[in-house]
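S.K.: The structure under discussion is supplied below as structure tokens; questions concerning it will follow.
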Amino acid sequence: MAVITYELEKQCPHTGARAGTLHTPHGTFKTPMFMPVGTQATVKTLSPEELKEMGAQVILSNTYHLFLRPGADLVEEAGGLHRFMNWERGILTDSGGFQVFSLGDLRKITEEGVQFRSHIDGSRQFLSPEVATKVQEQLGADIIMAFDECIPYPADYDYAKQSTARTTRWAERCKEALQTKTQGMFGIVQGGMYKDLRERSAKELVSLDFDGYSIGGLSVGEPHDMMYEILDSTTLYLPTHKARYLMGVGTPDCLVEGVARGIDMFDCVFPTRVARNGMAMTRKGRLTVKNATFARDWGPIEDGCGCYACQKYSRAYIRHLFKAEEMFAYRLVSYHNLYFLLRFMHDMRNAILEDRFVAFREEFWEGYQS
RNA sequence: GUGGGUAUGGUGAAGUGGUUAACACGGCGGAUUGUGGCUCCGUUAUUCAUGGGUUCGAUCCCCAUUACUCACC
């Protein structure tokens with residue numbers, strides 16, 4: 004019996020949208036879901052209590068960062084990530100594959116794994132399917148990710164082809180390296196922007212029988228339409244009885260379209276990162292609270308929002324905090340953005356369950372300005 | 001009171017007798033999608049304290065005024 008299982012509750016008859024539940028050792032969660040990102044064993048600026056109160060279910064943390072600091076041994080000694088960071092709900096750890104490519108300097112990739120320099124102290128480091136799996140076992144997340152290579156965009160066909168093939172071989176090695184019986188593992192579909200490579204990657208990973216499937220290498224700079232097309236030609240080959248996770252996607256428009264294409268899980272730094280830069284997310288689109296036009300705006304970030312920030316503080320006050328570079332500014336907008344997205348996913352799920360997802364999608368696009 | 005020095009955008013400051021007056025910070029916009037709170041991009045002085053003069057031409061040279069500043073009494 005697998006530790007991570009997905010149960011399909013309802014599928015939209017007109018689109019690929021699905022509502023379901025995800026069973027994990029730390030609880031059963033509702034999908035489609037958005038997973039806040041807590042890179043260094045903390046969702047920046049927010050406490051676990053706050054995350055719970057806004058309805059966060061699974062959060063994502065990071066192998067790459069925790070491997071470098073404080074180290075997997077230390078987290079294991081602490082009793083695992085859940086105890087270390089005081090989060091009793093679900094945790095998913097990214098494998099480090101993406102970070103090695105986006106953060107590490109002087110990386111050298113071989114069949115064996117990736118050599119890179121730490122972005123913290125420049126020291127030489129090495130990650131491979133076996134190391135990443137071992138580290139993630141020590142971290143103790145409910146869901147661990149296979150070690151992959153995220154192909155940049157654009158990438159030529161030959162490179163994408165050989166990289167994707169290697170990611171598949173690495174996935175196989177991750178599966179073999181996995182020892183624990185209390186953690187599930189997802190494989191990551193790659194293939195760049197090439198449909199045939201996506202198909203092949205998906206089919207090969209499915210044959211390895213993972214607990215769920217991630218779609219990686221998207222939202223890396225390609226046009227949205229291209230991403231949607233590739234999504235369509237990927238989910239086609241994924242089993243319906245397992246969770247599908249679109250990595251790194253988190254703007255409302257992409258979430259709606261991702262859900263419409265049968266995605267169950269998403270994660271993204273977007274809501275929390277832009278929050279720290281003074282941008283709030285709303286149903287109508289982005290709102291740059293630090294803009295001068297809000298200097299004397301006494302209303303909340305978003306009318307009708309039930310979040311703590313909107314209940315208690317004005318745009319004018321939050322703008323002031325940003326101009327003064329006060330930390331509370333980051334907290335308030337991070338809170339709002341995550342609350343907004345979690346609420347948004349919740350609403351989408353209900354729409355699917357109540358057979359009105361198509362209308363939900365239409366209404367969304369009518370009111371949203373990207 | 002006497003003698004000297006300095007006056008350039010919101011701030012700190014470069015600069016030259018001759019088309020569009022550096023740069024930094026700040027301000028104002030924008031970017032941000034498997035997280036450095038970082039960063040990146042664009043924009044921001046019809047004008048060089050005020051008034052007069054020299055000159056074909058003055059932010060730059062001369063005079064006066066004003067302000068600030070240093071030294072001495």
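Every letter in the first sequence is one number past the one before it in our numbering, and letter 29, counting from 1, is 32.
Glycine residues also receive a C-beta, built at the ideal position from the N, C-alpha and C atoms.
With a threshold of 8 angstroms on Cβ separation, who are the neighbours of Tyr-9 within its own chain once the five nearest residues in sequence on each side are excluded?
M.R.: Here the set comprises Gly-23, Thr-24, Leu-25, His-26, Thr-34, Gly-215, His-244, Lys-245, Ala-246, Asp-267.
S.K.: Using the three-state DSSP reduction, which class does Lys-158 fall into: helix, strand or coil?
M.R.: Looking at the sequence shown, residue 158 is not Lys but Ala. Looking at Ala-158 - three-state DSSP - the assignment turns out to be coil, as it is neither helix nor strand.
S.K.: When the distance is taken between beta carbons, is Gly-83 closer than 8 angstroms to Leu-142?
M.R.: Yes. Within cutoff.
S.K.: Assuming Gly-100 and Asp-151 form a contact by the criterion Cβ under 8 angstroms, report the distance between their Cβ atoms to the nearest whole angstrom.
M.R.: Indeed, because the Cβ distance is near 4 angstroms, the residues count as touching under 8 angstroms.
S.K.: For Thr-296, name the three-state secondary structure that DSSP assigns.
M.R.: Thr-296: helix per DSSP, three-state reduction.
S.K.: Output the boundary residues of the alpha helix (DSSP H) element that contains Val-252.
M.R.: Where Val-252 is concerned, there is no enclosing alpha helix (DSSP H), given that its DSSP letter is neither H nor E.
S.K.: For Trp-173, is the classification buried or exposed, using 16 other Cβ atoms within 10 angstroms of its Cβ as the cut-off for buried?
M.R.: So Trp-173 ends up on the buried side.
S.K.: Taking the DSSP output, what are the residues bridged to Thr-275?
M.R.: For Thr-275, which the question treats as bridged, DSSP gives no partner whatsoever.
S.K.: Quick test of the definition: if touching needs 3 or more C-beta pairs under 8 angstroms, does the segment 116-131 touch the segment 89-105?
M.R.: With a cut-off of 8 angstroms, the segment 89-105 and the segment 116-131 count as touching, because enough Cβ pairs lie within range.
S.K.: So Cys-310 packs on Tyr-333, CB below 8 angstroms; how close in whole Å?
M.R.: So it is not a contact: roughly 15 angstroms between Cβ atoms.
S.K.: Taking contact to mean at least 3 C-beta pairs separated by less than 8 angstroms, is the segment 273-288 in contact with the segment 335-352?
M.R.: The segment 273-288 vs the segment 335-352: in contact.
S.K.: Pick from Cys-313, Leu-211, His-323: whose alpha carbon is nearest that of Asn-294?
M.R.: Among Cys-313, Leu-211, His-323, the Cα nearest to that of Asn-294 belongs to His-323.
S.K.: Please look up how many angstroms separate the CB atoms of Ile-147 and Gln-186, rounded, as I've assumed it's under 8 angstroms.
M.R.: That belief holds up - the Cβ atoms of Ile-147 and Gln-186 are roughly 5 angstroms apart, short of 8 angstroms.
S.K.: Which whole-angstrom value describes the C-beta separation of Gln-182 and Glu-133, a residue pair presumed to lie in contact below a C-beta threshold of 8 angstroms?
M.R.: The pair is not a contact, with the Cβ atoms about 11 angstroms apart (cut-off 8 angstroms).
S.K.: Could you tell me which uninterrupted alpha helix (DSSP H) segments, each at least 4 residues in length, are contained entirely in the segment 300-357, listed from first to last along the chain?
M.R.: 311-315, 318-326, 330-356, all fully within the segment 300-357.
S.K.: Determine the direct distance from the alpha carbon of Cys-257 to that of Val-61, and round the result to whole angstroms.
M.R.: Spanning the two alpha carbons is a distance of roughly 19 angstroms.
S.K.: In the structure shown, what three-state DSSP assignment does Arg-247 receive?
M.R.: Of the three classes helix, strand and coil, the one that applies to Arg-247 here is strand, per DSSP.
S.K.: Please go through the segment 40-83 and give each complete alpha helix (DSSP H) segment of 4 or more residues, from N-terminal end onward.
M.R.: Segments of the alpha helix (DSSP H) lying fully in the segment 40-83: 51-56, 66-71, 75-80.
S.K.: May I ask you to check if the CB of Ala-158 is nearer than 7 angstroms to at least one heavy atom of the ligand FMN?
M.R.: With respect to the ligand FMN, the structure shown offers nothing to examine, as it has no ligands at all.
S.K.: Would a C-beta distance cut-off of 8 angstroms place Ala-205 and Thr-170 closer than the cut-off?
M.R.: Cβ distance not < 8 angstroms, so Ala-205 and Thr-170 don't count as in contact.
S.K.: Near Thr-254, which residues of its chain fall below 7 angstroms by C-beta distance, leaving aside the five closest residues on each side in sequence?
M.R.: Only Phe-273 meet the Cβ criterion.
S.K.: Could you tell me the distance, in whole angstroms, from the CA atom of Leu-211 to the CA atom of Lys-184?
M.R.: Taking the straight line from one Cα to the other gives about 17 angstroms.
S.K.: Compare the Cα-Cα distances from Met-196 to each of Lys-178, Phe-189, Glu-179, Tyr-162 and report the closest residue.
M.R.: It is Tyr-162 whose Cα lies nearest to the Cα of Met-196.
S.K.: Tell me, to the nearest whole angstrom, how far the beta carbon of Val-361 is from that of Thr-45; I am working on the premise that it is less than 8 angstroms.
M.R.: In fact, because the Cβ distance is near 38 angstroms, the residues do not count as touching under 8 angstroms.
S.K.: Using DSSP with H/G/I as helix, E/B as strand and the rest coil, what is Thr-170?
M.R.: In this structure, Thr-170 counts as helix in the three-state DSSP scheme.
S.K.: Looking only at its own chain, which residues have a Cβ that is under 7 angstroms from the Cβ of Lys-287, when we skip the five neighbours before and after it?
M.R.: Cβ within range, chain order: Gly-370, Tyr-371, Gln-372.
S.K.: Please return the same chain residues whose Cβ sits closer than 6 angstroms to the Cβ of Leu-234, not counting the five positions on each side in sequence.
M.R.: So the list reads Arg-264, once near-sequence residues are dropped.
S.K.: To the nearest angstrom, how far is it from the Cα of Val-78 to the Cα of Val-138?
M.R.: The straight-line gap from Cα to Cα measures roughly 10 angstroms.
S.K.: Alpha carbons only, please: which of Phe-129, Leu-54, Glu-56 is nearest the one belonging to Arg-68?
M.R.: A small fix is needed here, since residue 68 is His in this sequence, not Arg. For His-68, the nearest C-alpha among the options comes from Phe-129.
S.K.: Which of the three DSSP states, helix, strand or coil, is assigned to Gln-141?
M.R.: Here Gln-141 sits in helix by DSSP.
S.K.: Return the CA-CA distance between Val-259 and Leu-63, expressed in angstroms with no decimal places.
M.R.: In a straight line, the C-alpha of Val-259 is about 20 angstroms away from that of Leu-63.
S.K.: Compare the beta carbon distance of Ser-222 and Gly-251 with 8 angstroms and say whether it is the shorter of the two.
M.R.: Contact: yes.
S.K.: From Asp-97 to Leu-71, what does the alpha carbon distance come to, in whole angstroms?
M.R.: Going from the Cα of Asp-97 to the Cα of Leu-71 covers about 14 angstroms.
S.K.: Can you tell me which of Thr-136, Arg-176, Leu-200 puts its alpha carbon nearest to the alpha carbon of Ala-158?
M.R.: The option with the nearest alpha carbon to Ala-158 is Leu-200.
S.K.: Excluding five sequence neighbours on each side, which residues of the same chain lie with their C-beta closer than 6 angstroms to the C-beta of Trp-90?
M.R.: Excluding sequence neighbours, Trp-90 sits near Pro-51.
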